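K.L.:
Below is one structure. I have some questions about it.
Number of protein chains: 2
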Amino acid sequence: MKKGCPYGTHRVIEPKGVLPQPALKIDNDMEIYDNEILIDVQTLNIDSASFTQIKEEAQGDIEKIKEIMKNIVATRGKHQNPVTGSGGMLIGTVEKIGPALEGKTDLKVGDKIATLVSLSLTPLRIDEFLETRKDIDQVDIKGKAILFQSGIYAVLPKDLPENLALSVLDVAGAPAQAAKLVKPGDYVVVIGGTGKSGMLCLYEAKKRVGVTGKVICVGSTDKSVARAKGANLADEYIKVDATDALALHDKVKELTNGRMADVTINCVNIPNTEMTSILSTKNEGLIYFFSMATSFTKAALGAEGVGKDVTMIVGNGYTKGHAEIALQIMRESETLRKIYEELYG
Amino acid sequence: MKKGCPYGTHRVIEPKGVLPQPALKIDNDMEIYDNEILIDVQTLNIDSASFTQIKEEAQGDIEKIKEIMKNIVATRGKHQNPVTGSGGMLIGTVEKIGPALEGKTDLKVGDKIATLVSLSLTPLRIDEFLETRKDIDQVDIKGKAILFQSGIYAVLPKDLPENLALSVLDVAGAPAQAAKLVKPGDYVVVIGGTGKSGMLCLYEAKKRVGVTGKVICVGSTDKSVARAKGANLADEYIKVDATDALALHDKVKELTNGRMADVTINCVNIPNTEMTSILSTKNEGLIYFFSMATSFTKAALGAEGVGKDVTMIVGNGYTKGHAEIALQIMRESETLRKIYEELYG
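Protein sequence lines, in the order shown, are assigned to chains A and B.
The first sequence: position 109 = 109 (full-length UniProt numbering), numbered continuously.
The second sequence: position 35 = 35 (full-length UniProt numbering), numbered continuously.
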């Protein structure tokens, strides 16, 4: 049996020497190396920015969506959207565990897991498309995938429905980071606060700001804002187009009496919202970009361009304990659980 | 006289409603609004990632470089490289000051200034190309530019040569951020440590880590590494290709006895060095991406892909006092001043 690198570099076909995520093409042959785990895939949960782009390109047509997804995997050996660069995650059942992992993993053959590493670096083979749930970015397939030794995962909890757990785990990094960053007394603006990751961030932020703080939810439709309001997720609600930097700046200014946000969390899955985040944040404040549609140069040059001294953090999908934190919200809040079951379950 | 917005939105032609930096096209008519400053431009200092791309596209040919630059300004009304998204900065003389700025600016007509906002949002007109210094990314021109009310600038110091000041101010954000982030006892890795921003970061890091810390300089050529070594800028030196994540990981592991970097500063002006930064940094460490060639998704998904809990910061070109901090290095260190005069002066 062939020996593999913990990071999966042995699968990289092009360009040589890079890791699987930045690679253009990786080997998706399903014969495992000694330190790999073979997964029998059940569901792909495509990254929101990626699936939005695919749906637009396919003009909503399901067959066309499947064709685009098939082409991506055929070209790259992994489901990495060439436009957005992003992937998603999957659930499936452990089929084989490489012998080198013995004693190093608590997984057993037959365990149902969600991979918490991106599909943008996961060797994947799609044999057949089953159901496509295009409103929640999920696609059931017959297929196989490989988890590398360094790859993170969560065994699916028994007390939560699978699709619900998958939806929540997909964005687990966001609420965990919000929990780490928000302090008592902070004014927090969550742009895209009515979406999947946004509502979880609002929930964690609200727990932490206390009575002297303020959490502001920004959404783009009447319906989604009303939903967040109904769940009492924030102190204030703003309906605005997230690309309209000046409009949101004016509203945040009004609601914070000119102080602006101490922490802004961007969870919007559309491009060109960097300046909106920058203008809503006070000098020496913090911006956390969780959106995969974020442009590095637009953020860096945007802040410089208006002379704003803000710390801007790249949303790392992983932080210690993120799966536990996110799943726990579904146990703590019956209201949120109902919303997530209805929207993504 | 027409009234302008502090952020320059009145100049945006396409798409409507965005700020000048993300805009595809802005108005570069040189009749000023009431809150604008007209600058008689002397030198453009093109962002390193941008100029590297332009030189490659032009295959080093000076006339072709000029043509590409001319086309960029003709298409966008500003010097924003469509491939890298980045700009650069300029020096010039204040020619006119809008009446609305009276009492709000300390500038006078005739002051020689460097604009510290990016060329990627600065209305610019190039009338004639004079000298092109392609090895230091500088182009002398006849032309005009506009500084918005929110635009930051530095009056050029009288005790330093102009080109030297411009080169240093161009990367002023990097050493100022390094000074803020590095703490006593830290192990610091500066990737691209032998370049213009890298050497300034090494200098600031070395001042702060103290005897219990360690500063590691990473460069790609024997010559540049020897130069940094000659100036005693770091404790250790590594020559490696910055896109080779695993090679640098192994060397940093060896030099830090397995601890890895507390802080990694990325100043490399080539793509695909995100994973190199991530693998060199310890869990719960900090990565500061100053390079404009950084990809947001590659950083975010790369860290998640290897299960690394690191805080990744988008290099903001502006932070309070950055111009003063950077220029002061040239006064403090005779060795560095000599190197910068020779390389960029």
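Where is the CB? At the ideal position from N, CA and C, for every residue including glycine.
Just so it is clear, the structure is predicted and the values come from calculations on it, not from any experiment.
Going by DSSP in three states, Leu336(B) sits in which element: helix, strand or coil?
P.N.:
Leu336(B) falls in the helix class under three-state DSSP.
K.L.:
Where do the ends of the alpha helix (DSSP H) carrying Cys136(A) lie?
P.N.:
Residue identity differs from the one stated: residue 136(A) is Ile in this sequence, not Cys. Run containing Ile136(A): none; DSSP gives neither H nor E here.
K.L.:
Ignoring anything shorter than 3 residues or poking outside the region 57 to 81 of chain B, list the beta strand (DSSP E) runs there in chain order.
P.N.:
List check, beta strand (DSSP E) in window: nothing returned.
K.L.:
Quick one: grab the DSSP three-state call for Gln42(B).
P.N.:
DSSP places Gln42(B) in strand when its eight states are reduced to three.
K.L.:
Take Ser277(A) as the anchor and find which of Thr311(A), Asn257(A), Leu255(A), Gly258(A) has the nearest alpha-carbon.
P.N.:
Of the listed residues, the one whose Cα sits closest to Ser277(A) is Thr311(A).
K.L.:
What residues from chain B crowd round Val310(A), counting only those whose CB sits closer than 8 Å?
P.N.:
Simply Asn316.
K.L.:
Between the Cα of Ile13(B) and the Cα atoms of Leu19(B), Gln21(B), Lys2(B), Ile26(B), which residue gives the shortest distance?
P.N.:
Per the Cα distances, Ile26(B).
K.L.:
Do the region 196 to 209 of chain A and the region 4 to 12 of chain B touch if we need at least three Cβ pairs shorter than 8 Å?
P.N.:
Flag = no, the region 196 to 209 of chain A and the region 4 to 12 of chain B do not touch.
K.L.:
Pick helix, strand or coil for Glu274(A), following the three-state DSSP scheme.
P.N.:
Helix.
K.L.:
Here's the rule I'm using: 16 or more other beta-carbon atoms within 10 Å means buried, otherwise exposed. How should Asp159(B) be labelled?
P.N.:
Exposed, by the Cβ-count rule.
K.L.:
Would you call the CB atoms of Ala300(B) and Asn316(A) closer than 8 Å?
P.N.:
A contact, by the Cβ cut-off of 8 Å.
K.L.:
Note down, in chain order, each residue of its chain lying with its Cβ closer than 7 Å to the Cβ of Ser150(A), except the 5 sequence neighbours on either side.
P.N.:
The residues are Pro6, Tyr7.
K.L.:
Over the uninterrupted alpha helix (DSSP H) stretch that includes Cys201(B), give me the two end residues.
P.N.:
From DSSP, the alpha helix (DSSP H) with Cys201(B) extends over 196 to 209.
K.L.:
Run down chain B in chain order and give the residues with a C-beta less than 7 Å from the C-beta of Ser86(A).
P.N.:
Near Ser86(A) (Cβ distances below 7 Å), the residues of chain B are Thr297, Leu301.
K.L.:
What residues in its chain sit with their C-beta under 6 Å from that of Ile97(B), if we drop five residues either side in the sequence?
P.N.:
Once the five neighbours on either side are set aside, the close Cβ partners of Ile97(B) are Ile37.
K.L.:
Of all Cβ atoms in chain B, is any one closer than 8 Å to the Cβ of Tyr7(A)?
P.N.:
By this cut-off, Tyr7(A) is an interface position.
K.L.:
Please classify Thr221(A): is it buried, with 16 or more other beta-carbons within 10 angstroms of its beta-carbon, or exposed?
P.N.:
Thr221(A) is exposed by the Cβ-count criterion.
K.L.:
Since Asp296(B) sits in a beta bridge, which residues does DSSP pair it with?
P.N.:
Checking the sequence shown, residue 296(B) turns out to be Phe, not Asp. In the DSSP output, where bridge partners are listed per residue, Phe296(B) has none listed.
K.L.:
Kindly provide the ranges of any beta strand (DSSP E) runs that are 3 or more residues long and lie completely inside the region 309 to 336 of chain A, ordered along the chain.
P.N.:
311 to 314, all fully within the region 309 to 336 of chain A.
K.L.:
Is the Cβ of Ser120(A) closer than 8 Å to any Cβ of chain B?
P.N.:
Judged by the 8 Å Cβ criterion, Ser120(A) is in contact with chain B.
K.L.:
Would you kindly work out how many angstroms separate the C-alpha atoms of Pro123(A) and Ala165(B), rounded to a whole number?
P.N.:
Approximately 50 Å, taken between the alpha carbons.
K.L.:
My parser needs the beta strand (DSSP E) runs of 3 or more residues fully inside the region 146 to 201 of chain A; what are they?
P.N.:
Segments of the beta strand (DSSP E) lying fully in the region 146 to 201 of chain A: 153 to 155, 187 to 191.
K.L.:
For Val41(B), which residues from the same chain have a beta carbon less than 7 Å from its beta carbon, with the 5 sequence-adjacent residues on both sides left out?
P.N.:
Only Leu90, Gly92, Ile141, Gly143, Lys144, Ala145 meet the Cβ criterion.
K.L.:
Across the region 278 to 285 of chain B and the region 244 to 256 of chain B, are there enough close Cβ pairs to call them in contact, namely three or more that are closer than 8 Å?
P.N.:
Enough Cβ pairs lie closer than 8 Å, so yes.
K.L.:
Based on the DSSP secondary-structure assignment, which residues constitute the bridge partners of residue 346(B)?
P.N.:
Examination of residue 346(B) is not possible in this model, given that chain B is present from 1 through 345 alone.
K.L.:
Quick one: does Ile152(A) have its CB under 8 Å from some CB of chain B?
P.N.:
It does: the Cβ of Ile152(A) has a partner Cβ on chain B nearer than 8 Å.
K.L.:
Nearest-angstrom Cα distance between Leu202(A) and Gln21(B)?
P.N.:
Using only the alpha carbons, I get a separation of about 29 Å.
K.L.:
At a CB-CB cut-off below 9 Å, which residues of chain B make contact with Lys320(A)?
P.N.:
Neighbours of Lys320(A) on chain B, chain order: Asn283, Glu284, Asp309.
K.L.:
Under 8 Å, CB to CB, which of the residues in the region 153 to 178 of chain A have a partner in chain B?
P.N.:
Result list: Gly173.
K.L.:
Name, going along the chain, the residues of the region 177 to 195 of chain B whose beta-carbon falls closer than 7 Å to a beta-carbon of chain A.
P.N.:
Result list empty, no residue passes.
K.L.:
According to DSSP, Phe289(B) sits in a beta bridge with which residue or residues?
P.N.:
Its beta-bridge partners are Asn266(B), Val314(B).
K.L.:
Is the CB-CB distance between Val188(B) and Asp262(B) below 8 Å?
P.N.:
Their beta carbons are under 8 Å apart, which means Val188(B) touches Asp262(B) by this criterion.
K.L.:
For Leu156(B) and His322(B), what's the separation of their Cα atoms in angstroms?
P.N.:
So the two alpha carbons sit approximately 14 Å from each other.
K.L.:
Just to confirm, is the Cβ distance from Asp29(B) to Met1(B) under 8 Å?
P.N.:
Not closer than 8 Å, so no.
K.L.:
Using a beta-carbon distance cut-off of less than 9 Å, what residues from the region 71 to 97 of chain A approach chain B?
P.N.:
Within the region 71 to 97 of chain A, the residues whose Cβ lies closer than 9 Å to some Cβ of chain B are Gln80, Thr84, Gly85, Ser86, Gly87, listed in chain order.
K.L.:
I'd like to know if Asp250(A) contacts chain B, where contact means its C-beta is closer than 8 Å to some C-beta of that chain.
P.N.:
Closer than 8 Å: no.
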